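**Q**
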Amino acid sequence: MNAFQSDRWFMSVKAMTERLMAVSTISPDVAGENAGAHLIAELLAEGQANDLAPELWPVADGRHNVACLLRSPAQTRQTIILMAHYDTVGIDEFQALDPDQGGAIARDPARLRAALEGGLPQGASLEVKRDLEQTWQRPGAGREPAWMFGRGSVDMKSGLAINIALLRYFAEHRDELGGNLLLLACPDEENESAGILGALPHLIDLQAAHDLDYIGVINTDYTAPRGSDDHERYIYTGVVGKLLPSFYILGDPTHVGEPFRGVDANQIAAELVRRLNLNTRLSDSWSPDGVTALEVAVPPVTLKLRDLKPSYNVQTSAEAFVYINWLTYSISPAQALEIMEAEAAAALLSALEARDAQFAAFRGHEPQPKQYVPLVLSYADLCRRVRQKRGWFGAKGEVAFAEWLDALVRSVSGTETLAIPAASHKSDAREVSQQIVARLAREAELTGPAVIVFFAPPFYPHIQPQEHPIVDAIAALIDDPDVNPHGQIRLRGFYPYIADISYVRLDPTVRDHLPALIDNLPLFNHGYSLAFDQMAALDCPVVNIGPFGKDAHGLFERVHMPYSFRIVPEFIYHTILGAFAGDRSTGENEKHETFLARIAARDVPATP
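In this text, residue positions in the sequence shown follow this note's numbering: the first is 176, and each later residue adds one.
1. What does the alpha-carbon distance come out to for the pair leucine 583 and valine 473?
2. Relative to the alpha-carbon of valine 658, which residue among Glu745, His701, Glu618, Gly277 has its alpha-carbon at the smallest distance?
3. Within 10 Å of its beta-carbon, does valine 489 have 16 or more other beta-carbons around it, so buried, or fewer, so exposed?
4. Residue ranges of each alpha helix (DSSP H) run of no fewer than 4 residues wholly in the stretch 531–573, ordered along the chain?
5. How far does the beta strand (DSSP E) with glycine 413 in it extend, from its first residue to its last?
6. How many whole angstroms separate the CB atoms of tyrosine 261 and leucine 713, which I take to be in contact at a CB cut-off of 8 Å?
7. Could you tell me whether the stretch 197–207 touches the stretch 357–364, using the rule of 3 or more Cβ pairs below 8 Å?
8. Using only alpha-carbon positions, find the residue among Pro233, Arg286, Pro683 that is nearest to proline 508.
9. Along the chain, which unbroken stretches of the beta strand (DSSP E) at least 3 residues long are found entirely within the stretch 248–327?
10. Do you know offhand how far proline 284's Cα is from aspartate 396's?
11. Write down every uninterrupted run of the alpha helix (DSSP H) in the stretch 315–384 whose length is 4 residues or greater and which is fully enclosed by it, in chain order.
12. Can you tell me the Cα-Cα spacing of threonine 254 and asparagine 355, whole angstroms?
13. Of the choices Ile627, Pro320, Asp439, His430, whose alpha-carbon is the least far from that of leucine 696?
14. Considering only DSSP beta bridges, list what valine 392 is partnered with.
15. With distance defined between alpha-carbon atoms, name the residue in Phe324, Leu335, Asp459 nearest to leucine 502.
16. With which residues is arginine 420 paired in a DSSP beta bridge?
17. For leucine 295, which residues in the same chain have their Cβ closer than 8 Å to its Cβ, ignoring the five residues on either side in sequence?
18. From what residue to what residue does the alpha helix (DSSP H) around isoleucine 506 run?
19. In terms of residues, what are the limits of the beta strand (DSSP E) holding glutamate 230?
20. Given a threshold of 16 other Cβ atoms within 10 Å of its Cβ, counted over all protein chains shown, does leucine 652 qualify as buried or as exposed?
21. Who does glutamine 490 pair with in a DSSP beta bridge?
22. Regarding aspartate 283 and the ligand MN, is the C-beta to nearest heavy atom distance less than 8 Å?
23. From the DSSP output, in three-state form, read off phenylalanine 798 for me.
24. Can you list, in chain order, the residues of its chain with a C-beta nearer than 7 Å to that of lysine 572? Leave out the 5 residues immediately preceding and following it.
25. Taking the DSSP output, what are the residues bridged to lysine 725?
26. Checking the sheet assignment: what are the DSSP bridge partners for isoleucine 664?
27. Quick one: Cα of glycine 702 to Cα of glutamine 180, how far?
28. Assuming contact is defined by CB atoms lying nearer than 9 Å, are alanine 440 and glutamate 494 in contact in what I supplied?
29. In whole angstroms, what separates the C-alpha of glutamine 442 from that of arginine 560?
30. Tell me the rounded alpha-carbon separation between arginine 733 and aspartate 330.
31. Ignoring anything shorter than 3 residues, give me the beta strand (DSSP E) runs that lie fully in the stretch 179–237, in order along the chain.
32. In angstroms, rounded to a whole number, what distance separates the CA positions of serine 462 and isoleucine 215?
33. Are the C-beta atoms of leucine 451 and some chain D residue less than 9 Å apart?
34. Mapping DSSP to helix, strand and coil, what is threonine 455?
35. Considering only C-alpha positions, which residue in the set Leu621, Gln709, Phe699, Tyr670 is nearest to phenylalanine 629?
36. Measuring only the C-alpha atoms, how far is serine 608 from leucine 483?
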């Protein structure tokens, strides 16, 4: 029988998925996630090979990564990291289905299926109904449900179960293993990625202690349809990045009875959101040849828009706060800052022009109201103004400013030390960043109308697609008609969701422009830090070969079992064998052209 039609992985992956789902690991939760970590170690130890030795790598806030190294008998340095996260989002959506147990039905696929089959909640789509009713013929068994529902079913306890099953298999069949495997399971991916960030120094220490050469990371995070009629299964060779451009907006408040005497911060904020939100002109893209876009990201999306009035009064807003989610494929932090400053300047000017036009329509030929010189500053510019005002110059001035700023951060956050990310930390990093900027603006004696542009956490670096032995092995499998008879499995560029793999490599488009990020992120080295040197040292190529499902994070989250529990582990198994075998017979130029052709063989834009 063709190995890809066999059933050798299905039952173990399914059983481990259900056991992993049963443990609540909602992030951030130290106790729950640590219970998940101990279960992972227990599952690894249950394999027939009893010499697997999982380790718990501590994260600063008390949670743990789980790592387990399996050495090959081939005495090689080559090592592939099998990576997953074991935390999930919350289960509030399930409360109505399970009020007596607080929504715990979300973690029990059998009980959840019975409840859904008893009557789908109002608003459930026809697609959900079809998937709930869909069955398949498992080899040697009767017809069974094709989909497993529940929190973590697809994102991503099934992906973790696949990795555990693979490591246990290779531990029992080491003669098949041409290189080393390292399983890494992280907490906190759904929150601030504290797990992988805490794992970086351990990965480097392990590499040195065992003389390992990390040739790449296989991440098993979930995959999903890219459109309503998309039935393909995607494997990704890079990952999207994320910036959080933020804007502190100063108006010139006035009484509502004389609105033209000032400038409403809300009007500036609204104009800024109008210019940025869903603006496809600002969608980032990836053009390896500098001309043709092979992938196009979704446009910026507003995540926060509010004024900062603490209570009701009859004065227009003096301050407002906006931040946006901006997914990146190639744009650097320096380029992003320049673009956002230009957009802020245009929005500020447009708001002032609209105010003047409305005044003209309202009062006719009366004298124009007060005119302004609009001001747009980066956070770095604002810091320079504060240092100049305080007389902090040179190296000593830098030290004095850093100490003053650290005290300000502690004051704003209400903590002695602001540890971000941290499961116990209650202050929102975005809000703390805004308050720091507001205090600096007052210190610099800025008056509105003005906009301060800065970055807020979290920052996820993008990793552009690249050729490497793991991708070569994947390509060979995709071309094999026994593996991919209908061409359903496809190679794509950027994994389209935020993921921990962003932190295992530092792409040159990010690495060469870090000062613009560091100098304009108020919390950097004041509670929020990223070990860019460690990311650069790891320099791991990445791929994502994950389970397939739908509605991740939602009430109807579900994983497609025939593909996810059978095909995916078999595909990764053969990918590992092929990557370690390492056929290098094809010329580099030919490989590069073929690689780009594979990714380009579809319609652009890539991301819906």
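Ideal Cβ placement from N, Cα and C applies to all residues, glycine included. No experiment lies behind these values; they were computed from the predicted model shown.
**A** So, from the listed chains and residues:
1. Leucine 583 and valine 473: Cα-Cα distance of roughly 36 Å.
2. Glu745
3. exposed
4. 554–565
5. First-last of the beta strand (DSSP E) with glycine 413: 408–414.
6. Not a contact, Cβ separation roughly 21 Å.
7. yes
8. Pro683
9. 253–260, 310–312, 318–320, 322–324
10. 19 Å
11. 332–347
12. 4 Å
13. Ile627
14. Ile256, Val717
15. It is Asp459.
16. For clarity, residue 420 is proline in the given sequence; the question names arginine instead. The partner list for proline 420 (beta bridge, DSSP) reads Phe630.
17. Val303, Lys304, Leu307
18. Taken as a continuous stretch (DSSP letters only), isoleucine 506 belongs to no alpha helix (DSSP H), as it is neither H nor E.
19. Note, glutamate 230: beta strand (DSSP E), 230–233.
20. buried
21. His430
22. In terms of ligand content, the structure shown is empty, and the ligand MN therefore cannot be addressed.
23. Any question about residue 798 goes unanswered here, given that the chain covers just 176 to 783.
24. One detail in the question is off: residue 572 reads as glycine in this sequence, not lysine. For glycine 572, where only same-chain residues beyond five positions count, the Cβ hits under 7 Å are Arg562.
25. Arg733
26. Arg408
27. 51 Å
28. At the C-beta level, alanine 440 and glutamate 494 come within 9 Å of one another.
29. 26 Å
30. 9 Å
31. 230–233
32. 40 Å
33. In the structure shown, chain D cannot be found, because there is only a single protein chain.
34. Per DSSP, reduced to three states, the secondary structure at threonine 455 is helical.
35. Cα-wise, what sits closest to phenylalanine 629 is Phe699.
36. 14 Å
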